[in-house]
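Written out below as structure tokens is the structure these notes cover.
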Amino acid sequence: MNTKLLHAENIPEAAALIRAGEPVGMPTETVYGLACDAGNPEAVRKVFAAKGRPADNPLIVHIADIADWAPLVTEIPPLAQKLAERFWPGPLTIILPRSERVPAITAGGLDSVGIRFPAHPLAQALIKESGVPIAAPSGNRSGSPSPTTAAHMLADMDGRIPAIVEGGSCICGVESTVIALDNAETVRVLRPGFVTPEQLKTVARRVIVDDAVLAKVKEGTVVRSPGMKYRHYAPKARVTLVQGSQTDFLRYMEAHTGTGVLALVFDADVPACEANGIPCRAYGDTDEARAATFFASLREADAAGVQHLYVRAPRTDGVGLAVYNRLIRAAGYDIVHAETDDTTVSPMDI
6 MNTKLLHAEN
16 IPEAAALIRA
26 GEPVGMPTET
36 VYGLACDAGN
46 PEAVRKVFAA
56 KGRPADNPLI
66 VHIADIADWA
76 PLVTEIPPLA
86 QKLAERFWPG
96 PLTIILPRSE
106 RVPAITAGGL
116 DSVGIRFPAH
126 PLAQALIKES
136 GVPIAAPSGN
146 RSGSPSPTTA
156 AHMLADMDGR
166 IPAIVEGGSC
176 ICGVESTVIA
186 LDNAETVRVL
196 RPGFVTPEQL
206 KTVARRVIVD
216 DAVLAKVKEG
226 TVVRSPGMKY
236 RHYAPKARVT
246 LVQGSQTDFL
256 RYMEAHTGTG
266 VLALVFDADV
276 PACEANGIPC
286 RAYGDTDEAR
296 AATFFASLRE
306 ADAAGVQHLY
316 VRAPRTDGVG
326 LAVYNRLIRA
336 AGYDIVHAET
346 DDTTVSPMDI
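Reminder that position 258 of the sequence shown reads as 263 in the working numbering, one-by-one numbering, no gaps.
So, in structure tokens, the structure goes:
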């Protein structure tokens, strides 16, 4: 199979593939997704096969109009409706009880399903032209860094799927925020993203960040959000996440620099790293910039033959929480606190 690169004018061709039960690469504002007809179990199986994804890892269902989620769920609580009206179209996935319109395989065998209305115009066009809700996990091989360009996705999926729609670089760079409702007033963040807990608090009375966002999922735990149960986002290189001030980070790196080592740092850290002989690459100086670039940085480290990547940890508020969440999973929870020996990470309640 030769994987074709399609463009905006080829949306009808991509939609025809979706209707025929084939998976297609789809650009979104978060990351590129591997799209298929959410209501077609055989199409969903092809997505799992192309990714090498465990079947108990649920898929998010994408729609192109806020009215389109009603047939996919059994109820829409008032708080869910308010959140959708505030943040859609955009990088927010809302988990609700699924209707029979969503096959069990699409939901990873769960009774719930995550629904999202993406903001990317080509994603909306593909969903509308296909005429079906679209299930779409990230368009990478399972476990590897998510693709934020069509070239990234082609590198992982060439020969595995018939086509990828080229839509430029993803402006967010991390997967959507995934939330569930604990009750009529409380939102639980299951996976952080560009819609932050602080923003959710402008709509919900209470916002809780689930323990699994900052810690390993306990054995036997039922996970409602994708990207949380298994090792994800990891390059071939070993990744260590280093917490601490610039001074602490530099001191730590001076003792760990060697062949095959690279430091992934804030823009402002580069002069000090270079002055101290620490090989480095910048990944931004704001949370938003780091979110947009760090998946690409992980792929670039592999391409350069890096064996051990030390990443200076971002903050754990705002969009920084999303970057931190992806990095701890990419690192397999190999986290160093450069200023102390404390490795405890506490859950958050906002």
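Cβ atoms here follow ideal geometry from the backbone N, Cα and C, with glycine treated the same way. Computed from a predicted model, the values in this text were never measured in an experiment.
Worksheet item: Which class does TYR315 belong to by DSSP, given the choice of helix, strand or coil?
Response: Position 310 of the sequence shown, counted from the start, is the residue given in the question as residue 315. TYR315: strand per DSSP, three-state reduction.
Practice prompt. Look up HIS67 in the DSSP assignment and give the residues it is bridged to.
Written response: Within the sequence shown, numbered from 1, the residue matching residue 67 stands at position 62. According to DSSP, which records beta bridges pairwise, HIS67 is partnered with ARG121, ILE139.
Worksheet item: On the premise that LEU332 lies in contact with LEU246, defined as a C-beta separation below 8 Å, what is that separation, rounded to the nearest angstrom?
Response: Position 241 of the sequence shown, counting from 1, holds the residue named residue 246. Position 327 of the sequence shown, counting from 1, holds the residue named residue 332. About 5 Å; that satisfies the 8 Å criterion.
Practice prompt. Go through its chain and collect everything with a Cβ distance to ALA2's Cβ below 6 Å, but skip five positions before and after it.
Written response: Given a span of 6 to 355 for the chain in the structure shown, any question on residue 2 remains unanswerable.
Item to complete: Evaluate THR348 with the Cβ neighbour count: other Cβ atoms within 10 Å of its Cβ, from every protein chain shown; 16 or more gives buried, anything less gives exposed.
Response: Here the question's residue 348 lines up with position 343 in the sequence shown. Only weak support is given to the placement of THR348: the predicted model assigns it a pLDDT of 44, under 50, and the value that follows is read from those uncertain coordinates. Flag for THR348 reads exposed.
Fill in: Other residues of its chain near ASP42: CB distance less than 6 Å, five sequence neighbours each side excluded
Looking up residue 42 in the sequence shown gives position 37. The answer, listed in chain order, is ILE23, ALA48, VAL137.
Worksheet item: Can you tell me where the beta strand (DSSP E) with LEU11 in it begins and where it stops?
Response: Position 6 of the sequence shown, counted from the first residue, corresponds to residue 11. Looking at the DSSP string, the run of the beta strand (DSSP E) that includes LEU11 is 9-11.
Worksheet item: Should the region 169-188 be regarded as contacting the region 288-306, the criterion being three or more beta carbon pairs within less than 8 Å?
Response: yes
Discussion item. Does HIS157 come out as helix, strand or coil in the three-state DSSP assignment?
Written reply: On the sequence shown, residue 157 is found 152 positions in, with the first residue counted as 1. Residue state, collapsed to three classes: helix.
Item to complete: Just the C-alpha distance for ALA124 and THR264, rounded to the nearest angstrom, thanks.
Response: The count along the sequence shown starts at 1 and reaches residue 124 at position 119. The count along the sequence shown starts at 1 and reaches residue 264 at position 259. Going from the Cα of ALA124 to the Cα of THR264 covers about 43 Å.
Practice prompt. Indicate the three-state DSSP secondary structure (helix, strand or coil) for ASP346 in the structure shown.
Written response: Here residue 346 refers to the residue found at position 341 when the sequence shown is read from its first residue. Annotation note: pLDDT 45 at ASP346 (below 50); position unreliable, no value reported.
Worksheet entry | Residue burial classification, PRO352 (beta-carbon count within 10 angstroms, cutoff 16) | Counting from one through the sequence shown, the residue named residue 352 turns up at place 347. Per-residue confidence for PRO352 stands at a pLDDT of 38, beneath the threshold of 50, marking its modelled position as unreliable; the derived number appears in the next sentence. Exposed, by the Cβ-count rule.
Worksheet item: Any chance the CB of ALA20 is under 7 Å from a heavy atom of the ligand FMN?
Response: Within the structure as shown, the ligand FMN is missing, as the structure has no ligands at all.
Fill in: Rounded separation between ILE355 and THR321 - CA only
One-based indexing of the sequence shown puts residue 355 at position 350. One-based indexing of the sequence shown puts residue 321 at position 316. Here ILE355 scores only 38 on pLDDT, less than 50, and its place in the model is too uncertain to base an answer on.
Discussion item. Using C-beta distances below 6 Å, list every residue in its chain close to THR262, excluding the 5 sequence neighbours before and after it, in chain order.
Written reply: Numbered from 1 along the sequence shown, position 257 holds the residue referred to as residue 262. Excluding positions up to five away in sequence, the list reads ILE283.
Practice prompt. Within 10 angstroms of the Cβ of THR356, are there 16 or more other Cβ atoms? Answer buried if so, exposed if not.
Written response: Since the first residue of the chain shown is 6 and the last is 355, residue 356 is not available in this structure.
Fill in: Nearest neighbour of ASN188, chosen from SER135, PRO83, MET158 [CA to CA]
Sequence index remark: in the sequence shown, residue 188 carries index 183 (1-based). If we check each option's Cα against that of ASN188, PRO83 comes out closest.
Worksheet item: Run through DSSP, which three-state label would ILE355 get?
Response: As a working mapping, residue 355 is identified with position 350 in the sequence shown. Its pLDDT being 38, under 50, ILE355 is placed unreliably by the model, and the measurement read from it follows with that caveat. The answer is coil: DSSP assigns ILE355 none of H, G, I, E or B.
Item to complete: Report back the beta-carbon spacing between ASP215 and LEU195 to the nearest angstrom; my notes put them in contact at under 8 Å.
Response: Counted from its first residue, the sequence shown places residue 215 at position 210. Counted from its first residue, the sequence shown places residue 195 at position 190. 5 Å between Cβ atoms; contact.
Item to complete: Jot down the residue ranges of each uninterrupted beta strand (DSSP E) in the region 214-300, minimum 3 residues, whole runs only, in chain order.
Response: 243-248, 266-270, 285-287
Worksheet item: What's the call for GLY310, buried or exposed, on a 16-neighbour Cβ count within 10 Å?
Response: As a first step, residue 310 is located in the sequence shown; it is residue number 305 there, counting from the start. So GLY310 counts as exposed.
Discussion item. Measuring only the C-alpha atoms, how far is TYR37 from ILE68?
Written reply: Counting from one through the sequence shown, the residue named residue 37 turns up at place 32. Counting from one through the sequence shown, the residue named residue 68 turns up at place 63. Looking at the two C-alpha atoms, the distance is approximately 16 Å.
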